[in-house]
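First the structure, in the form of structure tokens, and then the observations on it.
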Amino acid sequence: PKGAMLTHYNLVSNIYQIDAWLFRGRKKQDIFVGLLPWFHIYGQTAVMNFSIFSTGTTIVLPRLDIKELLKSIQKYKANVFHGVPTLYAYLNNYPEIKKYNLRSIEACISGAAPLPVSVAERFEEITGGKLREGYGLTETSPVTHVNPIYGKYKFGSIGLPVPNTLAGIADPDKDVFLPPGEVGEVVVSGPQVMKGYYNMDEENKMVFFEKYGYRWFRTGDMGKMDEEGYFYIVDRKKDLIKYKGYSVYPREVEEVLYRHEAVKEAAVIGIPHKEYGELVKAYIVLKDEYKGKVSEEDIIEYAKEHLAPYKTPKVVEFRDDLPKSAVGKVLRRVLREEELKKTT
19 PKGAMLTHYN LVSNIYQIDA WLFRGRKKQD IFVGLLPWFH IYGQTAVMNF SIFSTGTTIV
79 LPRLDIKELL KSIQKYKANV FHGVPTLYAY LNNYPEIKKY NLRSIEACIS GAAPLPVSVA
139 ERFEEITGGK LREGYGLTET SPVTHVNPIY GKYKFGSIGL PVPNTLAGIA DPDKDVFLPP
199 GEVGEVVVSG PQVMKGYYNM DEENKMVFFE KYGYRWFRTG DMGKMDEEGY FYIVDRKKDL
259 IKYKGYSVYP REVEEVLYRH EAVKEAAVIG IPHKEYGELV KAYIVLKDEY KGKVSEEDII
319 EYAKEHLAPY KTPKVVEFRD DLPKSAVGKV LRRVLREEEL KKTT
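Take the position in the sequence shown, starting the count at 1, then add 18; the result is the number in the numbering used here.
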């Protein structure tokens, strides 16, 4: 593991940035849903630290209990709800969700993993609130980008850089910035960026570079920026799949799979293949009502209708659940490790 050295200045700066970006001009006291673990940088900054800073109220939920979560939102009229895509997807498919009044929800921020457009649209339809995708890393305290709550929102994007943050798209192998529309590595500079990795001088040389008088941090995420300055994450560099020389980004495939009416959760990785390099494999968790009614071939045929042939999954595996981190982020790394064990 890498030890990201975050200073008090980093953490406090990020709180002010979140406040300026999301809640400027608000006079009411916000009521936060405290479901994210506070030992994780996302929960620590966005929920615990920020709610204290803003003199808000936090509903502390020590573990995920969907009924308790929905009852608490309804009882205390929570209006700010930070979460992760898998949680919002689960709530969308929870059979009893319509029994609860969730109309107090105003602002929901999804982070830690890509937010499928279909999940966001369905959640907003159910609650009437605004679910916005944000972006950040442990190394950046964590928030660097968020879609506006009250301004222009672009589904599928991570939004704009938060105040006092510079961001751009750079060549993954050179200290050169790329123009809007081109895919490269997301780089950021700002007061929330860590000092560096503890006792890892070589790693620090790889992730930091100086340009235009600023110290830039390489996030390891591939993305692009449009003409209006909105950023889009394509995928992690290390998650890129190489099939017959073609580059396949798992997120693009997952977005399509999530639109299938039977799919509750989806994860895509590359699995080793002697001839083609890697094959695109999809792990699917079906909604309960579709189990036994939808086949692996049905999923592949659906993908063929919406993806280029080289992006279409060649292998589909149904599972009851997917491996996740403490904050609910799907761990593709674990899936890759499982596949490697099969070949050794």
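For glycine and all other residues, C-beta sits at the position ideal for the given N, C-alpha and C.
Query, Result
"Terminal residues of the continuous alpha helix (DSSP H) containing Thr145?", "Val135 to Thr145"
"Would you be able to state if there are at least three C-beta pairs under 8 Å between the region 247-257 and the region 224-234?", "no"
"Counting only runs of 3+ residues fully inside the region 156-191, write out the beta strand (DSSP E) ranges in chain order.", "161-164 and 184-188"
"Beta-carbon within less than 7 Å of Lys213's beta-carbon, same chain only, minus the 5 sequence neighbours each way: which residues are those?", "Met23 and Thr25"
"Below 8 Å, how does it come out for the region 181-200 and the region 63-75: are there three or more Cβ pairs, yes or no?", "no"
"Who are the near neighbours of Ala107 in its chain, counting only those whose CB is closer than 7 Å to its CB and skipping five residues on each side?", "Val137, Lys282 and Glu283"
"Among the residues of its own chain, which have a CB less than 6 Å from the CB of Arg277, if the five just before and after it don't count?", "Ser136"
"Would you call Leu149 buried or exposed, if buried means 16 or more other Cβ atoms sit within 10 Å of its Cβ?", "buried"
"Take Pro55 as the anchor and find which of Pro341, Glu356, Gly346 and Leu358 has the nearest alpha-carbon.", "Gly346"
"With a 10 Å radius around its C-beta and 16 neighbouring C-beta atoms as the bar for buried, classify Gly310 as buried or exposed.", "exposed"
"Which residue from Lys292, Asp239, Pro80 and Ala280 puts its Cα closest to that of Arg392?", "One cannot answer for residue 392 here, as it falls past the ends of the chain, which runs 19 to 362."
"I believe Phe57 touches Leu109 by the beta-carbon criterion, under 8 Å. Please report the beta-carbon distance rounded to the nearest angstrom.", "Their Cβ separation, rounded to whole angstroms, is 23 Å, which puts Phe57 and Leu109 out of contact at 8 Å."
"Have a look at Phe68, Glu356 and Leu82 and flag the residue whose alpha-carbon is nearest the alpha-carbon of Thr76.", "Phe68"
"Hey, out of Ile59, Ile289 and Arg354, whose CA is closest to Gly154's CA?", "Ile59"
"What distance in whole Å lies between the Cβ atoms of Val78 and Gly52, which are believed to be in contact at a cut-off of 8 Å?", "5 Å"
"State the start and end residues of the unbroken beta strand (DSSP E) segment that holds Phe336.", "Val333 to Phe336"
"CB-CB under 7 Å to Pro132, same chain, minus the five flanking residues each way: which ones, in chain order?", "Pro103, Ile251 and Arg269"
"Taking the Cβ atom as the reference point for each residue, do Val98 and Ala125 lie within a distance shorter than 8 Å?", "yes"
"If you reduce the DSSP assignment to three classes, tell me which class Gly21 lands in.", "coil"
"Among residues of its own chain, excluding the 5 on either side of Glu273, which ones have a beta-carbon nearer than 6 Å to its beta-carbon?", "Pro134"
"Give the secondary structure of Phe249 by DSSP, where H, G and I count as helix, E and B as strand, and everything else as coil.", "strand"
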